[in-house]
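Working notes, structure below.
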Amino acid sequence: MKTTRHATYNLNYHIVWLPKYRQSVLVNEVASRVRSILHEIADDKGVEILDLTVQPDHVHLFVSSPPKNEPALLANWFKGISSRKYNHRHADHDSEKIRWARGYYAGTAGHVSNETVENYIQEHKEGDS
1 MKTTRHATYN LNYHIVWLPK YRQSVLVNEV ASRVRSILHE IADDKGVEIL
51 DLTVQPDHVH LFVSSPPKNE PALLANWFKG ISSRKYNHRH ADHDSEKIRW
101 ARGYYAGTAG HVSNETVENY IQEHKEGDS
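One point on numbering: in the numbering used here, the residue at position 102 of the sequence shown is 102, and numbering is uninterrupted.
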């Protein structure tokens, strides 16, 4: 569990996104640079990278984030900031630029199952009657 001034939370998000046209551009030095930039973004935004895999044609990011950061915001940060930083630092020509596809996948993960949460709520609901 993690805490902020006003919340205790365990919010973990699995976010996946692709280069435009699912091109296999995330290899060798490009992949290494993207990984480094994603860690910079996490540090700047106060989120923790739990796991990260940069594949040639997609990125898997597993992060823990405070409740104030919705999944759409996290995806926008990591996609938008990473492409701007990469392109500014490493792309001398248009053909070297990183461009991400528009969409992304976002899923949640925690320490308990849906069934556990439902049982917990039901047990407390019965006590309120």
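We put the beta carbon where it would ideally sit given N, CA and C, even for glycine.
Quick caveat, the model's predicted, so the values are computed rather than measured.
ask   = Mind pulling the beta strand (DSSP E) runs of 3 or more residues that sit fully within the segment 27-113?
value = 48-55, 58-64, 105-109
ask   = Which residue from Y86, D43, K79 puts its Cα closest to that of S65?
value = D43
inquiry  = Whole angstroms are fine: how far does the CA of L52 sit from the CA of E29?
reply    = 16 Å
request  = Could you check which residue in W100, G103, F78, A109 has the C-alpha nearest to that of I41?
outcome  = F78
query = Start and end of the beta strand (DSSP E) containing L13?
reply = As written in the sequence, residue 13 is Tyr, which differs from the Leu given in the question. Segment 12-17, the beta strand (DSSP E) holding Y13.
key: Bridge-paired residues (DSSP) for Y9   = K2
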